[in-house]
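Chains as they are written, first to last, in the working numbering: chain A, 139 to 508; chain B, 176 to 584. Where is the CB? At the ideal position from N, CA and C, for every residue including glycine. Notes follow once the structure below has been shown.
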Ligand SMILES: Cc1cc2nc3c(=O)[nH]c(=O)nc-3n(C[C@H](O)[C@H](O)[C@H](O)COP(=O)(O)OP(=O)(O)OC[C@H]3O[C@@H](n4cnc5c(N)ncnc54)[C@H](O)[C@@H]3O)c2cc1C
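Next comes the structure, spelled out in structure tokens:
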């Protein structure tokens, strides 16, 4: 058994980390949060030039043809540095949908541009204040045109196209919609993490290209969400670890009652709890990475396990990082709240904790049928 | 033990309800709380409402009548609290004055000062702030460095305070300073109250994680305070501060924001995995936990009040309220957003939107767990002062104050 990333993958991770540090990714996240831009266009271009967007795309579509383990280590670093770019929407979701479900023509048209980052894709699924299910989706496709409204679509305002879930006849299928085409209206929707933009998308008989077979639409969707969940988990893991490190560093340099606050057992145990959460999440994320990269039958279980544990770790670390900073942690000026916000954004993005916990137990039930 | 009103209590309850009915409107539902469009507007509405309460004898009810109170019993205050919670009325801004400065003035100020300051405090005419924390002295409040020097009968103050809630709209402040840096840490402090418009006081807002700015840095440059505005003896500032802090935990204890009722109502109207969230076992368990916490705090408060009405002073037991309610709020905020799935993070402008309530709670809870004594400090207090467990080894005992490391270094 070798449950570790290879030397090359570790080197890639190091390159990604140094690149994002050099480019001041956290500062850029703050600039997007405070400014009017939806994302950091320059950082996005640089990420494209580094080839990160091309990682999992085969060479025949101008990608690098690397595996998913490589994408996992990049995701962790993007999460650690709060990169304010549409990477998750475009790479973990849109690219995956097209790779798995796109026709040759679709792949040829879209994948090279996704690989270079010159095109941005996203996934539009949510319609109201509750998780989308096969029964509650209202968006509808008839004769190749889509109508209806999606809300809280990450990067919906900047994406060039979206993969959209919609009913066709009695089943939910997946469709590709060019967001610059006729019959598409987008409205920016502010969220509690303005370093990542969101929008509502209203379709009024917009042209929709079918992805995969409609009959297997829901199943395909769950499969891609499972794959994406592993990658989201790595971003959450990176954010969690960064929050833990911030807390530790601050505690070491802050004095009260004549001693470093890091010497108080309450603070040491708090940090130890963060560490435990991060280590459990990291180990589960590796399990997810293995399942993703080998397309293992355990994917659904592994993905949900890593998603649940990484969400918990990020929640624990980002809130206790504020607590460790005392009053300073409650200020806009310190970066603690950037992580506190991103934690919620990532937790909301592909469905809430209760949905993933339910998926986890359901997949275990399927795997262990009596 | 008895929850039923005695006949006097019933009479009091009826009187309270009828006055409220005539002067305020009943809440239409759990979401129908008072909320102002801006801080200025909120302050204005609070002042108008508080004045009304004062004129009719419902302000600072436990205070002596000569300062605007009605000398009510603790039970009457509970009854008033129960009745007023049914109405949509302005709130906030006055806790530091009425809850903290008031009791300290009552104990340490001269009769003339009480007559001058307590009625405007009760009336909501003058707002107070608490100038305690400093950049290097929060949990370790006694590590504060703001200097006070006495010449003749005037003190000169130099230094900096931080995290001062409401300093930007306050008329008066309570202030702890270091009058003797050569004395032991807890011995060299002196306590004052001062006019926030005194020359040399500069207030600079600090933006907090939510984007709002409710607290401030306050700089003192050669600020003059007459010795008559000293509360307690020179060098006794620590003792006076402890009185203030004990009252603070009583005054600010309960976290405001979505609580059990809001979470319960949300779960009853929200789908989760194809059925109503309230039918989900995990949701029910969480709701049950929060209900028990809320109920425990409510009845703990009744027990404390019963002790008060027997003439006992409130003990550090009241510290549990802030720990439990701050953490409960943080959990409920996350729960509420989670229940709305991906749409939970949308920022809605409408005050009615469920999202905004949970998002305010999300930011607010992080502050409540720190303000007025962090969770960790309150747990130290419970273990050491309530349970009588030994203190941590003190690294700052027996060292001259100016040799103790403090702050960020
Ligand atoms: C919203 C808000 C409003 C506030 N309003 C006011 C106000 O109006 N007036 C005012 O004077 N102050 C106010 N404060 C300040 C507040 O009282 C302090 O922030 C608080 O006491 C913590 O101090 P600190 O910020 O210096 O953190 P620190 O004391 O530096 O604490 C940092 C971390 O170390 C931990 N720690 C410190 N000592 C110990 C120990 N012995 N054992 C274990 N852990 C320890 C703390 O729990 C915390 O997690 C406010 C704060 C907030 C957040």
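Closer than 8 Å to chain B by CB, residue i
i              : result
residue 386(A) : no
residue 353(A) : no
residue 95(A)  : Because chain A in this structure spans residues 139 to 508, residue 95(A) falls outside the shown range and cannot be described.
residue 470(A) : yes
residue 326(A) : no
residue 374(A) : no
residue 165(A) : no
residue 261(A) : no
residue 369(A) : no
Distance between residue j and residue i (C-alpha atoms, nearest Å)
i              : j              : result
residue 418(B) : residue 576(B) : 23 Å
residue 241(A) : residue 250(A) : 14 Å
residue 395(B) : residue 342(B) : 13 Å
residue 241(B) : residue 223(B) : 21 Å
residue 337(A) : residue 246(A) : 28 Å
residue 368(A) : residue 445(A) : 6 Å
residue 443(A) : residue 422(A) : 6 Å
residue 202(B) : residue 191(B) : 16 Å
residue 153(B) : residue 274(B) : No answer is possible for residue 153(B): it lies beyond the span of chain B, which begins at 176 and ends at 584.
residue 391(B) : residue 485(B) : 39 Å
residue 387(B) : residue 152(A) : 38 Å
residue 423(B) : residue 548(B) : 9 Å
residue 566(A) : residue 225(B) : A query on residue 566(A) cannot be resolved here, the shown segment of chain A reaching from 139 to 508 and no further.
residue 320(B) : residue 269(B) : 27 Å
residue 442(B) : residue 453(A) : 22 Å
residue 250(B) : residue 557(B) : 26 Å
residue 344(B) : residue 328(B) : 28 Å
Check whether residue i and residue j have beta carbons under 8 Å apart
i              : j              : result
residue 386(A) : residue 418(A) : no
residue 520(B) : residue 330(A) : yes
residue 214(A) : residue 373(A) : yes
residue 229(B) : residue 297(B) : yes
residue 493(B) : residue 479(B) : yes
residue 554(B) : residue 498(B) : yes
residue 430(B) : residue 266(A) : no
residue 505(B) : residue 457(A) : yes
residue 376(A) : residue 309(A) : no
residue 296(A) : residue 335(A) : yes
residue 544(B) : residue 395(A) : no
residue 532(B) : residue 433(B) : yes
Chain A within 8 Å of residue i, Cβ atoms only
i              : result
residue 281(B) : no
residue 379(B) : no
residue 248(B) : no
residue 570(B) : yes
residue 554(B) : yes
residue 498(B) : no
residue 551(B) : yes
residue 459(B) : no
residue 464(B) : no
residue 155(B) : The structure shown does not extend to residue 155(B), since chain B spans only 176 to 584, so no value can be given for it.
residue 521(B) : yes
residue 338(B) : yes
residue 495(B) : no
CB contact below 8 Å: residue i versus chain C
i              : result
residue 305(A) : Of the protein chains in the structure, A and B, none is chain C.
Whole-Å CB distance - residue i paired with residue j, under 8 Å assumed
i              : j              : result
residue 438(A) : residue 495(A) : Wrong, their Cβ atoms sit about 13 Å apart, outside the cutoff.
residue 438(B) : residue 536(B) : About 10 Å; that fails the 8 Å criterion.
residue 234(A) : residue 392(A) : Not confirmed; about 43 Å, so no contact.
residue 393(B) : residue 378(B) : 5 Å
residue 206(A) : residue 194(A) : 6 Å
residue 92(A)  : residue 313(A) : Chain A is shown only over 139 to 508; residue 92(A) falls outside these bounds and no answer can be derived.
residue 275(A) : residue 305(A) : 6 Å
Residue i CB to nearest heavy atom of ligand 3 below 7 Å
i              : result
residue 405(A) : In the structure on display, ligand 3 does not appear, and the ligands it does have are ligand 1.
Discussion item. Quick test of the definition: if touching needs 3 or more C-beta pairs under 8 Å, does the stretch 404 to 412 of chain B touch the stretch 357 to 365 of chain B?
Written reply: yes
Worksheet item: Does the stretch 364 to 384 of chain B come close enough to the stretch 394 to 408 of chain B to have 3 or more Cβ pairs within less than 8 Å?
Response: yes
Item to complete: Mind the definition here: the stretch 304 to 311 of chain B touches the stretch 334 to 349 of chain B only if three or more C-beta pairs lie below 8 Å; say whether that holds.
Response: yes
Fill in: Given 8 Å, three or more beta-carbon pairs between the stretch 253 to 266 of chain A and the stretch 300 to 318 of chain A
yes
Discussion item. Measuring CB atoms only, is the stretch 316 to 335 of chain A touching the stretch 374 to 381 of chain A, in the sense that at least three cross pairs come out at less than 8 Å?
Written reply: no
Worksheet item: Do the stretch 475 to 493 of chain A and the stretch 394 to 408 of chain A meet, that is, are 3 or more Cβ pairs less than 8 Å apart?
Response: no
Discussion item. Taking 8 Å as the cut-off, does the stretch 196 to 215 of chain B touch the stretch 255 to 266 of chain B (at least 3 CB pairs, one atom from each stretch)?
Written reply: yes
Worksheet item: Using 8 Å as the threshold, is the stretch 288 to 298 of chain A in touch with the stretch 338 to 347 of chain A, meaning 3 or more CB pairs across them?
Response: yes
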